[in-house]
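Chains as they are written, first to last, in the working numbering: chain A, 1 to 320; chain B, 1001 to 1320.
In this text, a Cβ means the ideal position worked out from N, Cα and C, and glycines have one as well.
Number of protein chains: 2
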Amino acid sequence: MKMDNLYIPVADGLEMVEKALQNIAEVDIPILAALLEYAVQSTGKKIRPAFTLLCGKFYNYNLDKLIPMSVGVELLHVATLVHDDIIDESELRRGKPTVKYAWGENAALLLGDYLFAQAAKSVATTGNQRVIELFAQTLMTISGGELAQINVLFDAKRAREHYYEWIAAKTACLFSTATESGAVLSDAPEEVIQALKNYGYYFGMAFQVIDDILDFIGKEAELGKPVGSDLMEGAVTLPTIIYAESNPEHDILEQIIDKKDRTEVAETMEKIRKSSALDKCMDIARDFSRKAASQLEILPDNEYRNILSGLVDLMLERKK
Amino acid sequence: MKMDNLYIPVADGLEMVEKALQNIAEVDIPILAALLEYAVQSTGKKIRPAFTLLCGKFYNYNLDKLIPMSVGVELLHVATLVHDDIIDESELRRGKPTVKYAWGENAALLLGDYLFAQAAKSVATTGNQRVIELFAQTLMTISGGELAQINVLFDAKRAREHYYEWIAAKTACLFSTATESGAVLSDAPEEVIQALKNYGYYFGMAFQVIDDILDFIGKEAELGKPVGSDLMEGAVTLPTIIYAESNPEHDILEQIIDKKDRTEVAETMEKIRKSSALDKCMDIARDFSRKAASQLEILPDNEYRNILSGLVDLMLERKK
C-alpha cells in the first residue's frame, strides 16, 4: 500500500475541496486575494480533509456536509501555520517563504484571523451543532496549548509528560477533529465516532513524534525547512528529552532553552543522533500507531478500514 | 435620558453575561487563566452585548440564546482589540497596558486566537445557524477590512469613500451583528431584523466618526490613551480627510502617511482643530445618527424603541 491509497476512494470529494479552497481566494480586496491564493496554494498534502472524507465513507457519505467540514479542517490547519510562523519567526514553510516573511507580520496576523473565520463559516454551513462546537473547541485547544509553552518553567522530571500534552494540543487534536467530524456527519453510531476520534488522536501523536525525529535525520529538500530547526528555535522535542533522561549529567535541556550558538546546536544534534534516543522515539511512535490501529476493530470490515489500518504503518515510514 | 438607560432593561441579562465572561477565565493553564482574566476585566462598557439584549426585548426575550450570543459578541470585540494592539503597537488601551505591551506579542497573538474560538463556541451554543454564520462573516469582514489598509496606495480623491469602507468593516459591522443577532434570536419578523441590523450599522458609523473626532479634542484621562494617537500612527481619519479636501495646497495626507515627527503632528492637529473640519465631521456623525433613528419607525412603539432612539443622541454627545 502507498500513502496515495488514502486519497483514491475520496478523490471525488477532494477535488471538490480543492475547488472550494480556490473559490475562497476570489474576493474583492486585492491584497487579501493575493494572500489567500498564496496560502491556499501551500496547503500541501491535504491529509486532514482526506481523513474527514474517508471517515465519512463507513456510513452515509454525505458530501453536502463532508465537503464544507473538510474545507474548514484544512483552513484551520493553514491558519494555525500562518500564525505559528509569526511566533517561530520561521522564514520557510514547505520550501516557500512564510507569509510573515514574504508579506510582513501584520498581513500574516490578519490573514490567519480571516482564515479562522472562513473556516468557521465553512463548518457552520454543515448546520451540525456538534461539529461546529467541536471546531471551535479545537482552536481553543490549539491556541491554549501553544500559550502553555510561553514562559513555562522547565521541569526536567515532567519533560516527557509535558511534551505529550503539547503535541496532543498542537497536532493530535486537529487529526482527531478531522476523523471525528467525518464520522459525526455521516451519521455513524456513537461507538464508531469515538473509535475514529481516538484513531485520529493516536495517529496524530505518532505523526508528530515522526516529525520530531525527522527534524534530526530528515533531508532539508524533503522537509522544506532546515534540519535541526527545533533545536535552533529552542524547542525541546522527544529525541532531546529521551537523550537528556539517559544523560542526566549533560545540561542539554538548559543549553537548548538558552538558545546557544549554531556550532553547539550542531554538536548536540550529533550526540543525539549517535545515541539510542531516536530508536526509542521510533518505539514510542510505533506504540501510538498500534493504539490507533486497535481502534479500528469495531469498524465494518471493508476497504476503508483497510486503508486506515495501512496508513498507520506508512506514516511510520515517511521521510517528509 | 442617560447612557445608563441602555443598561437598565437588560440588567438581568448583562449580569449573566458578566458571570459567563468571568467563568471563561477558569481554565487549567495558568498563563491562559491570567491572560483571560486580564482581558475580561478590560472589556469596558459592554455596549455591544447590551445592544444584543435590548434588540432581543421586542419579541421573544429568550435569554438561553441571547446570553451566549452577547458573550460571543463581546469576546469577538475583545479579541479584535488584542490583535489590533499588536498591529498598532499600542502601549495603552483604556488606560491600562495592552496585552501585547504587558505580556509580549506571542501571548497577545495566541490570546486573540483563543478568544475568537471561545467566542465562536459561545455563539455555537445558540444552535442558530444564521447567527453562527453571521458571526463568522463578521470576523471575515473585520480582518479583511484591516488587511485592505495594508500597503494601500493612497488616493486623495477616494479618501472619504475609503474611510467609510474602513470604518464600516472595523466598527459598524460588529454593531450591526450585535443588533441583528438580538433580533434573529428573539424570533423578530424579517423586516424588524433588517431594521435593527441597519440601526446597528448606522449607529456604528456615527460611533466611529465621534471616536475619530475625540482623538482630536478628547482628554487623555477620559480616552485612556494619548490624544492624537491616530495621527501619530499615520492613520488618516475623517477630520484630516475633510481638512485636506478644503486645503488641497497642503500636503497633509502625505505628511501623515510618512509619519513625520511629533512637533509636526502637533502643528497639524492644531491646524485641523482651528479649521471647520471637526464641525463638518459632527454634521456627518449626526447624519449617520438620523439614518439610525429612522430605522426604528417600523418597530413596536415601546420603551425599548425609545431607548434605542435616545441612545443615538447621547452617543453624539459622548466625551470618551
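Going by C-alpha positions, B/Ser1090 is about 8 Å away from B/Tyr1101.
In this structure, DSSP gives A/Pro97 an extended state, which the three-state scheme calls strand.
Between B/Ile1150 and A/Ala107, the C-beta gap is smaller than 7 Å, which places the two residues in contact. Relative to the Cα of A/Leu134, the nearest Cα in the group A/Leu115, A/Gly182 and A/Lys291 belongs to A/Gly182. Under the Cβ distance rule, B/Ile1242 does not count among the residues neighbouring chain A, no pair being separated by less than 7 Å.
In the same chain as B/Ala1195, and ignoring 5 residues on each side of it, the C-beta atoms closer than 6 Å to its own belong to Gln1295 and Ile1298, in chain order. The beta carbons of B/Val1184 and B/Val1131 sit about 6 Å from each other, so the pair counts as a contact at 8 Å. For A/Asp4, no Cβ of chain B is located within less than 7 Å of the residue's own Cβ. When CB distances to chain B are screened at a threshold of 7 Å, the residues of the segment 79 to 105 of chain A falling below it are His83, Ile86 and Ile87, in chain order. Look at A/Phe116: its C-beta is under 7 Å from a C-beta on chain B. Rounded to the nearest whole angstrom, the C-alpha separation of A/Ile8 and A/Cys55 is 13 Å. A Cβ of chain B is located within less than 7 Å of the beta carbon of A/Asp113. A/Ser186 and A/Thr126 have their alpha carbons spaced roughly 11 Å apart.
By the rule that beta-carbons nearer than 7 Å mark a contact, A/Ile167 does not touch chain B.
At a cut-off of 7 Å between C-beta atoms, B/Ala1124 counts as an interface residue with respect to chain A.
Distance check between B/Gly1144 and each of A/Lys271, A/Leu36, A/Leu14 and A/Val236 places A/Leu36 closest, using alpha-carbon atoms only.
When DSSP states are grouped into helix, strand and coil, A/Leu92 belongs to the strand group. Between A/Ala119 and A/Leu75, the gap from beta carbon to beta carbon is short of 7 Å. Using a 10 angstroms sphere on the CB of A/Glu26, the tally of other CB atoms stays under 16, which defines it as exposed. For B/Trp1166, the CB contacts under 8 Å within the same chain, skipping 5 residues up- and downstream, are Gly1145, Ala1148 and Gln1149 in chain order. Within the model, the alpha-carbon separation for B/Glu1245 versus B/Asp1155 is close to 12 Å.
Residue ranges of uninterrupted alpha helix (DSSP H) with 4 or more members, entirely inside the segment 115 to 193 of chain A and ordered along the chain, are 129 to 147, 159 to 167 and 173 to 185.
Put simply, the CB of A/Ala136 is near chain B, with a gap under 7 Å to one of its CB atoms. Look at B/Met1232: its C-beta is not under 7 Å from any C-beta on chain A. Around the C-beta of A/Thr171, 16 or more other C-beta atoms lie within 10 Å, and the residue is accordingly described as buried. By the C-beta density criterion, A/Ala277 is buried, having at least 16 other C-beta atoms within 10 angstroms.
In the three-state reduction of the DSSP assignment, A/Phe58 falls in the coil class, being assigned neither a helical nor a strand state. When C-beta distances to chain A are compared with 9 Å, the residues of the segment 1029 to 1046 of chain B below that value are Ile1029, Pro1030, Ile1031, Leu1032 and Leu1035, in chain order. Shown here is that no member of the segment 1010 to 1023 of chain B has a Cβ falling below 7 Å from a Cβ of chain A. A Cβ of chain A is located within less than 7 Å of the beta carbon of B/Gly1144. Contact annotation: B/Leu1115 and A/Ala117 have beta-carbon atoms that are not nearer than 7 Å. Taking 8 Å as the upper bound on Cβ-Cβ separation, chain B lies near no residue of the segment 306 to 318 of chain A. Rounded to whole angstroms, the separation of the alpha carbons of B/Trp1103 and A/Asp4 is 45 Å.
Chain-ordered, the chain B residues with CB closer than 8 Å to the CB of A/Glu133 read Lys1121, Ala1124 and Thr1125. Around the C-beta of B/Gly1218, 16 or more other C-beta atoms lie within 10 Å, and the residue is accordingly described as buried. Within chain B, Tyr1114, Ala1117, Gln1118 and Lys1121 have C-beta atoms less than 8 Å from the C-beta of A/Met140, given in sequence order.
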